[in-house]
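In this text, residue positions in the sequence shown follow the UniProt record's numbering: the first is 1, and each later residue adds one.
Glycine included, every Cβ here is placed at the ideal spot set by N, Cα and C.
Quick caveat: nothing in here was measured; it's all calculated off a predicted structure.
Contents: one structure, followed by commentary.
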Amino acid sequence: MLSKVNFRIKTIYNILRPSEKKVADYILNYCGKLEDLSMTLLAKEVAVSQPTVMRFVKAIGYDSFKQFKLELAKNYDKENNIDILYGFSINADDKIMDLPGKIVATATSMLENALKSLSLVNYQKTVALINQSQHISIYAVENSMGVAHDLMTKLIYLGKSVTCHSDYYLQSIDASNLTRDSLAIGISYSGNSKNTVEVLKIAKDAGAQTIAIVNFENTMLTRYGDIVLSTSNDQFLYGDAIFSRTAQIALVDMIYMGVIISDYDNYTKKLDHYSRLIKHRGYQKEEL
């Protein structure tokens with residue numbers, strides 16, 4: 001679990017100044033003794049001024065370096081023990097008993113990295129675009145298609161007009177019919193899935209607003225996204241196919257909750273209405 005300090009750092013990382021990000025990176029990767037960590041040493045190690053360190057401390061919500069250091073110490077040993085697991089690859093010599101821990105640790109690492117990498121400005125723009133668009137089309141292939149369907153389902157429950165075709169030809173035709181009032185969302189972990197790239201380009205050429213959801217920013221898909229949501233700056237190990245959905249699904253949940261919060265009364269009424277519509281499709285307690 002993230003400590004409060006690391007959570008705060010990763011939440012606002014993208015809006016920190018470059019010099020403050022240097023301090024943030026040092027703290028996130030610090031493995032030394034906490035008693036040795038002083039403001040003077042930190043400023044020297046990172047090659048920034050002490051006022052910069054203090055600005056960073058205040059930016060993440062602490063009034064003094066002492067308060068920041070005390071909070072950092074609370075989960076320090078626990079986090080260091082967990083971090084040892086991060087980045088472990090899966091190989092033929094692994095014991096099956098060790099796999100659950102490795103899988104959870106890798107997934108946790110991806111989620112933490114996603115929080116750090118996510119642009120909060122682009123996240124807010126995404127929520128706004130979803131709210132103002134008359135129609136939304138979502139495009140993906142393979143592993144990302146499950147994520148696309150999840151996003152489609154959530155948005156339909158909020159009363160949005162959404163399509164998500166799995167067939168490339170239908171995706172292309174759908175994209176060509178979009179207008180300036182439409183929103184096209186392309187989802188690809190690698191950002192280089194040819195079908196998704198081509199379809200998002202068709203949608204953009206048709207005049208639709210476009211969003212690219214990727215793991216890496218500098219990809220083919222991001223060329224055609226008016227807004228880019230990336231979940232990492234790093235390539236995760238061989239388990240791309242295994243782990244690629246982890247951060248994407250979390251991002252879909254963020255988008256879904258962001259839309260709900262943007263007009264809470266309206267959307268909660270819709271959710272309540274749709275829940276009543278389908279309530280009879282599930283067994284009730286008295287029937288079990």
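Check	Outcome
Between LEU155 and chain B, is the shortest Cβ-Cβ distance under 9 Å, so that the two count as touching?	The structure shown contains no chain B; it holds only a single protein chain.
Among residues of its own chain, excluding the 5 on either side of LEU158, which ones have a beta-carbon nearer than 8 Å to its beta-carbon?	TYR256, VAL259, ILE260, TYR267, LYS270 and LEU271
Within the continuous beta strand (DSSP E) that includes LEU229, where are the two ends?	227-230
Using three-state DSSP, classify TYR13 as helix, strand or coil.	helix
Do the CB positions of GLY207 and LEU178 come within less than 9 Å of each other?	yes
Can you tell me the Cα-Cα spacing of THR196 and GLN67, whole angstroms?	48 Å
Could you pull out every unbroken alpha helix (DSSP H) segment of at least 4 residues lying fully inside the segment 16-80, listed in chain order?	18-28, 39-46, 50-59 and 65-74
Considering only residues of the same chain and omitting the five flanking positions on each side of ASN131, which have a CB-CB separation below 8 Å?	VAL259, SER262 and ASP263
Thinking just about the alpha-carbon of each residue, which of LEU115, ARG276, SER166 and GLU198 is nearest to the one in VAL252?	LEU115
Mind reading off the beta-carbon distance from ILE187 to ILE213? Whole number of angstroms is fine, and I expect it under 8 Å.	5 Å
Could you tell me if SER64 is buried or exposed, where buried requires 16 or more neighbouring beta carbons within 10 angstroms of its beta carbon?	exposed
Closest by CA to SER137, which one among VAL162, PRO100 and LEU151?	VAL162
Does the separation of the CB atoms of ASN6 and SER119 fall below 9 Å?	no
To which residues does DSSP link TYR139 through a beta bridge?	GLY186
DSSP on GLN134, reduced to helix/strand/coil?	coil
Measuring only the C-alpha atoms, how far is PHE236 from LYS285?	Low confidence applies to PHE236: its pLDDT is 46, below 50, so where it sits in the model is not reliable enough to give any reading.
In terms of alpha-carbon separation, which member of TYR139, ASP94 and ILE156 lies closest to THR210?	TYR139
Can you tell me the Cβ-Cβ gap for LEU34 and ALA24, rounded? I've got them flagged as a contact below 8 Å.	Their Cβ separation, rounded to whole angstroms, is 17 Å, which puts LEU34 and ALA24 out of contact at 8 Å.
Give the range of the beta strand (DSSP E) segment to which ILE202 is assigned.	Segment 194-205 is the alpha helix (DSSP H) holding ILE202; no beta strand (DSSP E) there.
Please state the DSSP three-state secondary structure of GLN248.	helix
Run through the DSSP bridge pairs and tell me what ILE211 is partnered with.	ILE185 and ILE227
Measuring only the C-alpha atoms, how far is ASP93 from GLY101?	15 Å
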